[in-house]
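Number of protein chains: 2
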Amino acid sequence: MPKIDRTQILKQSLIFSGLQDEEITELARLCSEKRLAAGEYAFWEDDSPDWFYLLAEGKVKVVKHSSTGKDFIIAFFEPGEIFGEVAVFENRPYPASAQAVVDSVALGIRRGDFLKFLSRRPEVALRIINVLGGRLRTASGRLRDLAGERVEQRLARTLLMLSSKLGPSLPFTRQDIADMAGTTTETAIRFLSGLNARKITRSARGKIVILDELKLKLLGEGPPPL
Amino acid sequence: MPKIDRTQILKQSLIFSGLQDEEITELARLCSEKRLAAGEYAFWEDDSPDWFYLLAEGKVKVVKHSSTGKDFIIAFFEPGEIFGEVAVFENRPYPASAQAVVDSVALGIRRGDFLKFLSRRPEVALRIINVLGGRLRTASGRLRDLAGERVEQRLARTLLMLSSKLGPSLPFTRQDIADMAGTTTETAIRFLSGLNARKITRSARGKIVILDELKLKLLGEGPPPL
DNA sequence: TCCCCTGTATGACCTATATCATAGTCTACC
DNA sequence: GGTAGACTATGATATAGGTCATACAGGGGA
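So, in structure tokens, the structure goes:
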């Protein structure tokens, strides 16, 4: 994994872009670089919230474990996105674990440093409000889906949600999809086999390509009201 | 419903308490009073996000409808809490509907006015970040529960969550509980009948009193690992 | 007062989906 | 190049809990 350019990363991130150069430099000094091998954790659920993270390279998933041993994937994050922020702002333990999916690099900022920086930068606070708002909106949709829709709809919507963020080619396993939709790997496999047979998707090991978004949307809507 | 004292309401709210008197006065001028009869809606899902609300009196529930017709209750709000903020910050349609459960009064602030006020008040922005963070934390817990826990656990946890916020006496119907836990009214009724029989709760029409929180917690944890 | 509507209660049935089992296939690492 | 482990695949079976039907009680409005 090559050396990264911190100021470049910061400038390109959603929440810090638009800051003055000297502010970026100040931030860069506060950052420390965390290299995570695939599978390694940035933090675990219930750890104390010492660090706020900005993903520089790679891919990170945020996972919550349940009493039955089944994992639920809250979100995947791409470079430029922040994670761990909820715990930092509330000063309460991380509500979930963050695990690198591939070799990754994150910029970590200490809780205190970040809060101090933030209190003097209302624009950044507003950006964060926007990010959190977006996540809450997504979460409320998913809550409704998990509570009221059947697996087929949930799976279809999960794929659509991912493709709206990442494009039609999705680098996820059936298990990932299952853990996001709140179902089992077997069910996700069966569902995707069906989609492949109907040419709605094409998929290989760890990869799903959406061919017919329209049909998938129809599936996500549920059976036509009779 | 009696006349309300706006400045008093604002001062006692989580996000505006601590502001200077003249700031409160300024805010009070921006507010308009919305009286909602029981059952009336402050806004509907997909409405355009014109107003930000602070509940002054009464009780409001935020509900998301699903394609199957089943409702899911995202949250109940008490006086002093804000709602509708996600839509306002993102300038996108409200993600859910807000309905008064009993006769209520809300203070509404126009989107533009509120954002202008906010951009000059970083402390308020930080408070809002905290509120949103808390809601996200709650949401991620509920997501995990809906995805991985069985109804019995979900119902128990729903009751516990409510009692930690409101105390042991809960003014909710079985249907409310079901719509929060993502199950059916019948299942919620059966569950609560069981709890009553075991003296863990005592309940009447539209009311549930938790008698034995400890036993309820055990139920929420799930069956002891064998 | 009476009536209707909402909330509570309970039983019978049914199905969506989890579980369990088994197997083949790819790939990353030794 | 071989091998272990992750990923995909598919069938058989079990069951949690949703669905449907019926009934009754309390409370608020006419």
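If you read the protein sequences in the order shown, they are chains A and B.
Sequential numbering of the first sequence, starting at 68, is according to the working numbering.
Sequential numbering of the second sequence, starting at 68, is according to the working numbering.
Cβ coordinates follow ideal geometry from the N, Cα and C atoms, glycine included.
A Cβ of chain B is located within less than 8 Å of the beta carbon of Ala163 of chain A. Counting only residues of its own chain and dropping the five nearest sequence neighbours on each side, Leu285 of chain B has no CB closer than 8 Å to any other CB. 8 Å or more divides the Cβ of Val218 of chain A from the Cβ of Thr252 of chain A. The stretch 96 to 164 of chain A contains, as complete beta strand (DSSP E) runs of 3+ residues, the segments 98 to 103, 108 to 110, 118 to 124, 127 to 132 and 138 to 144 (chain order).
Taking a beta-carbon distance threshold of 8 Å, Ser134 of chain B counts as an interface residue toward chain A. Look at the beta carbons and you see the stretch 140 to 147 of chain B not touching the stretch 85 to 95 of chain B: under three pairs across the two are nearer than 8 Å. When rounded, the separation of the alpha-carbon atoms in Ile275 of chain B and Arg73 of chain A is 55 Å. In this structure, Ala248 of chain B sits near Arg221 of chain B, with a CB-CB distance shorter than 8 Å. The contact set of Ser115 of chain B on chain A, defined by CB atoms closer than 9 Å, is empty, because the minimum CB distance reaches about 15 Å. A straight-line Cα-Cα distance of about 27 Å links Asp246 of chain A and Glu157 of chain A. Residue-level contact check: Glu124 of chain A does not touch chain B, since none of the beta carbons of chain B fall below 8 Å from its beta carbon.
Secondary structure at Ile176 of chain B: strand, using DSSP grouped into helix, strand and coil.
Assignment of Gln87 of chain A by DSSP, reduced to helix, strand and coil, places it in the coil class. Of all residues in the stretch 138 to 165 of chain A, only Phe139, Ile141, Val153, Phe156, Glu157, Pro162 and Ala163 come within less than 7 Å of chain B when Cβ atoms are compared, listed by chain position.
Under the criterion of beta carbons closer than 8 Å, Ile196 of chain B and Ile82 of chain A do not qualify as touching, at roughly 12 Å. Close partners of Leu199 of chain B in chain A (Cβ separation under 8 Å): Ile196, Leu199, Gly200 and Leu203.
Contact of Gly289 of chain A with chain B is assigned, a C-beta pair being separated by under 8 Å. Within 8 Å of the CB of Glu216 of chain A, the CB atoms of chain B belong to Ser133, Ser134 and Thr135, in sequence order along the chain. Within the stretch 212 to 292 of chain B, the runs of alpha helix (DSSP H) at least 4 residues long that lie entirely inside it are, in chain order, 218 to 233, 241 to 248, 252 to 264 and 280 to 288. Taking a C-beta distance under 8 Å as the contact criterion, Ala123 of chain B and Leu174 of chain B qualify as a contact pair. Straight-line measurement puts the Cα of Ile91 of chain A at about 43 Å from the Cα of Leu229 of chain B.
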